[in-house]
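Numbering (full-length UniProt numbering), first residue to last: 1 to 161.
C-beta: ideal position from N, C-alpha, C; glycine also.
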């Protein structure tokens, strides 16, 4: 950015995205200063470094805002079976904890196969166990419900004040 760009000539892009051509680094810095903005290196190609005149603080803020908006829509899913072994359960709970700590919404699914569907109470017990194990970290967004041959529940991280 600005003084850290080490090239003699750069391909310059204006603040509105227009191509300003190949100019000397000093000329590019002067144009950025005239408009009260920063000169930011965008891309380093083999021929010329591509620089853009922009408000760097605003650019960083917009990127951060995009990332947080993207995170809101992130839904992770962990699938269990009613007969999930203890070691598999621990691994999946650890993954679920990681998703929650990263701030992602999570969908817990218990898939029933064949005659397992007759034992829905095993699925309910497993869901209750998951809720008990994660009670300090999560809020239930949608309670457990049957959808065909699977039981699902949506959970979100607790808001910490």
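Requested in this report: My understanding is that residue 93 touches residue 133, with C-beta atoms under 8 angstroms, so please give their C-beta distance in whole angstroms.
Outcome: By one-based count along the chain shown, residue 93 stands at place 93. By one-based count along the chain shown, residue 133 stands at place 133. At roughly 6 angstroms, the Cβ-Cβ gap stays under 8 angstroms, so residue 93 and residue 133 are in contact.
Query raised in the report: When the Cα atoms are used, what is the spatial distance from residue 141 to residue 104?
Result: On the chain shown, position 141 is the one that residue 141 refers to. On the chain shown, position 104 is the one that residue 104 refers to. Approximately 12 angstroms, taken between the alpha carbons.
Report task. Report the rounded CA-to-CA distance for residue 37 versus residue 69, giving the unit in angstroms. Result -> Translated into the one-based positions of the chain shown, residue 37 becomes position 37. Translated into the one-based positions of the chain shown, residue 69 becomes position 69. Approximately 26 angstroms, taken between the alpha carbons.
Report task. Determine, using beta carbons only, whether residue 149 and residue 112 come nearer to each other than 8 angstroms. Result -> In the chain shown, residue 149 corresponds to position 149, counting from 1. In the chain shown, residue 112 corresponds to position 112, counting from 1. Yes.
Query raised in the report: Counting only runs that start and end within the region 5-54, where is the beta strand (DSSP E) found for 3 or more residues in a row?
Result: 9-13, 19-24, 38-44 and 49-54
**Report entry** alpha helix (DSSP H) segment containing residue 87, residue limits
**Finding:** If you number the chain shown from 1, residue 87 lands on position 87. It spans 86-101 - the alpha helix (DSSP H) in which residue 87 sits, taken as one unbroken run.
**Report entry** For residue 77, the residue or residues it bridges with in DSSP
**Finding:** The count along the chain shown starts at 1 and reaches residue 77 at position 77. According to DSSP, which records beta bridges pairwise, residue 77 is partnered with 107.
Query - Integer Cβ distance of residue 127 from residue 138, believed to fall under 8 angstroms - result: Here residue 127 refers to the residue found at position 127 of the chain shown. Here residue 138 refers to the residue found at position 138 of the chain shown. That belief does not hold up - the Cβ atoms of residue 127 and residue 138 are roughly 12 angstroms apart, past 8 angstroms.
**Report entry** The beta strand (DSSP E) enclosing residue 141, as first and last residue numbers
**Finding:** In the chain shown, counting from the first residue as 1, residue 141 sits at position 141. Taken as a continuous stretch (DSSP letters only), the beta strand (DSSP E) holding residue 141 covers 138-147.
Requested in this report: Could you please give me the residues that DSSP links to residue 155 through a beta bridge?
Outcome: As a position in the chain shown, residue 155 is number 155, starting the count at 1. In DSSP, residue 155 forms a bridge with 106 and 140.
Report task. For my contact list, residue 25 and residue 5 are in at a C-beta cut-off of 8 angstroms; report their separation, rounded to the angstrom. Result -> Stepping through the chain shown from its first residue, residue 25 is reached at position 25. Stepping through the chain shown from its first residue, residue 5 is reached at position 5. The pair is a contact, with the Cβ atoms about 6 angstroms apart (cut-off 8 angstroms).
Query raised in the report: Do you know offhand how far residue 120's Cα is from residue 107's?
Result: Numbered from 1 along the chain shown, position 120 holds the residue referred to as residue 120. Numbered from 1 along the chain shown, position 107 holds the residue referred to as residue 107. Their Cα atoms are separated by approximately 18 angstroms.
Requested in this report: Would you mind giving the Cβ-Cβ distance between residue 48 and residue 9, rounded to the nearest angstrom? I have them listed as a contact below 8 angstroms.
Outcome: Your numbering for residue 48 matches position 48 in the chain shown. Your numbering for residue 9 matches position 9 in the chain shown. With 8 angstroms as the limit, residue 48 and residue 9 qualify as a contact, their Cβ atoms being about 6 angstroms apart.
Requested in this report: Identify the continuous alpha helix (DSSP H) that holds residue 166 and give its terminal residues.
Outcome: Because the chain here runs from 1 to 161, residue 166 falls outside it and cannot be looked at.
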